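To start, the structure itself, in structure tokens.
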């Protein structure tokens, strides 16, 4: 972080060598005003988004920063970044104790470098000169516009990914560079920034209508984020019980409508002796254990399988199109992944030797036509795995032995 900040300071100092045309101050003032109006109008939306965000956060400031990179000299483009992020911290960041000021400084430094990279492409292709004179010239300037946006995205993504890889240590580089939806949102705001630059090239006041579009985009992103949060278990990041059950119901209906031979499988998974972990290491360590086990389970399943948390230390897995032998192999892979989980308890100790018991039900081998029936069969197999000594996989027979109810499952003694 300090290295990035140092490079940003040196790059900022280097921008003072560029002259600032007198006409650029008006454009600079308009972009600052539009960015401030956008952030002020969406400040409550942004606070809610940050509260519900547990991943790299796309803050939508790049709409104005990319426009500044394209039409302003480097000195004013850097000043725009600093003012925008100072204002953003004042209206949003200072209320969030989990995001101290030094993180805002680092974010500002990253965006300075990304903005300067975009500006360098705009300058090298002649796009900035054409925009400053109000005469963009077609295909070559379009290439410069796309290149500047790509440079901004590349620098920003690379720096964010580097920090994540050094600190959070995600499962893959793909997780560090953001989801497809995150990158699509980033590309969308970069495109909007390009249109702002084209607008102010004609007359700076044409940037004002984009404030409405930016606030609307902010609100739309919030709605999507809240919808995602409503489907997600906050402790593990998996599907919550309701969302998983709905997905399982739809998949079972779809499978039943296919020709004979189509199958769908369900797992019920229980962490063995989880109460002992909470009693020995505390509930915070227990929560971390659940998160690490959730990651291990997701690593073991196929693409298209759905892992959910049913509550407590129980998990459920939906496996479309799975054969019985393949289901057993996946369950055994899950057990092996969980065996490798190590969790630091924060007091010099390590939680190791974790195990899970797994019950499997595959339709139509299990003669149940509802998700509840399949869950009952998988739960019965899970009971059998517990009874036989835990840390093993058991497959359900053709019929369940007793009706399944959530209360009965949540009151199991000694599990």
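In the working numbering, the protein residues as written are 25 to 439.
We put the CB at the ideal spot given by N, CA and C, even for glycine.
Since we're looking at a predicted model, the values are computed, not measured.
Among residues of its own chain, excluding the 5 on either side of residue i, which ones have a beta-carbon nearer than 8 Å to its beta-carbon?
| i | result |
| --- | --- |
| residue 231 | 54, 55, 58, 91, 220, 223 and 224 |
| residue 94 | 142, 143, 146, 151, 152, 155, 169, 172, 217, 218 and 221 |
| residue 40 | 99 |
| residue 369 | 305, 306, 309 and 375 |
| residue 65 | 235 and 239 |
Under DSSP, the beta strand (DSSP E) around residue i begins and ends at which residues?
| i | result |
| --- | --- |
| residue 339 | 338 to 344 |
| residue 332 | 330 to 335 |
State the beta-bridge partners of residue i as determined by DSSP.
| i | result |
| --- | --- |
| residue 290 | 342 and 385 |
| residue 418 | 383 |
| residue 235 | Residue 235 is not bridged to any residue. |
| residue 374 | 368 |
| residue 295 | 380 |
| residue 191 | For residue 191, which the question treats as bridged, DSSP gives no partner whatsoever. |
| residue 256 | 263 |
For the alpha helix (DSSP H) that contains residue i, what are its first and last residues?
| i | result |
| --- | --- |
| residue 116 | Segment: none, residue 116 is in no alpha helix (DSSP H) and carries neither H nor E. |
| residue 223 | 204 to 226 |
| residue 280 | 265 to 280 |
| residue 147 | 125 to 148 |
| residue 358 | 348 to 363 |
| residue 410 | 395 to 411 |
| residue 46 | Taken as a continuous stretch (DSSP letters only), residue 46 belongs to no alpha helix (DSSP H), as it is neither H nor E. |
| residue 157 | Looking at the DSSP string, residue 157 is not in any alpha helix (DSSP H), and its letter there is neither H nor E. |
| residue 28 | 26 to 39 |
| residue 323 | 307 to 324 |
| residue 91 | 86 to 95 |
Round the Cβ separation of residue i and residue j to the nearest angstrom and send it over; I've been treating them as touching at under 8 Å.
| i | j | result |
| --- | --- | --- |
| residue 342 | residue 330 | 4 Å |
| residue 105 | residue 273 | Contact doesn't hold; Cβ gap of about 48 Å is too wide. |
| residue 28 | residue 100 | Not a contact, Cβ separation roughly 22 Å. |
| residue 291 | residue 238 | With a Cβ gap of about 44 Å, residue 291 and residue 238 do not count as contacting. |
| residue 401 | residue 392 | 6 Å |
| residue 385 | residue 420 | 4 Å |
| residue 176 | residue 208 | Contact doesn't hold; Cβ gap of about 15 Å is too wide. |
| residue 390 | residue 378 | Between residue 378 and residue 390 the Cβ distance is about 28 Å, and since that is not below 8 Å, they are no contact. |
| residue 279 | residue 344 | 7 Å |
| residue 115 | residue 67 | 4 Å |
| residue 406 | residue 235 | Rounded, the Cβ-Cβ distance is 55 Å, inconsistent with contact. |
| residue 359 | residue 417 | 7 Å |
| residue 133 | residue 32 | 4 Å |
| residue 149 | residue 167 | 7 Å |
| residue 266 | residue 298 | With 8 Å as the limit, residue 266 and residue 298 do not qualify as a contact, their Cβ atoms being about 22 Å apart. |
Near residue i, which residues of its chain fall below 6 Å by C-beta distance, leaving aside the five closest residues on each side in sequence?
| i | result |
| --- | --- |
| residue 112 | 63 |
| residue 189 | 200 |
| residue 205 | none |
| residue 78 | Only weak support exists for where residue 78 lies, its pLDDT of 48 falling under 50; the value from the coordinates is given anyway. So the list is empty, once near-sequence residues are dropped. |
| residue 179 | 137, 138 and 141 |
| residue 293 | 339, 380 and 382 |
| residue 257 | 264 and 333 |
| residue 262 | 318, 331, 332 and 333 |
| residue 361 | 320, 323 and 324 |
| residue 302 | 310 |
For residue i, which residues from the same chain have a beta carbon less than 7 Å from its beta carbon, with the 5 sequence-adjacent residues on both sides left out?
| i | result |
| --- | --- |
| residue 349 | none |
| residue 96 | 48, 51, 52 and 104 |
| residue 411 | none |
| residue 130 | 25, 28 and 29 |
| residue 35 | 136, 137 and 140 |
| residue 311 | 259 |
| residue 347 | 287 |
| residue 296 | 379, 380, 381, 414 and 415 |
| residue 126 | none |
| residue 160 | 154, 222 and 225 |
Q) Is the region 358 to 368 close to the region 236 to 246, with three or more CB pairs under 8 Å? A) Under the 8 Å Cβ criterion, the region 358 to 368 does not count as touching the region 236 to 246, having fewer than three qualifying pairs.
(Q) Contact between the region 308 to 325 and the region 272 to 287 is defined here as three or more beta-carbon pairs at a separation below 8 Å; is this criterion met? (A) No, they do not touch.
**Q.** Segment contact flag, the region 285 to 299 with the region 346 to 360, C-beta cutoff 8 Å, min 3 pairs
**A.** The way I'd put it, the region 285 to 299 does touch the region 346 to 360; three or more beta-carbon pairs between them come closer than 8 Å.
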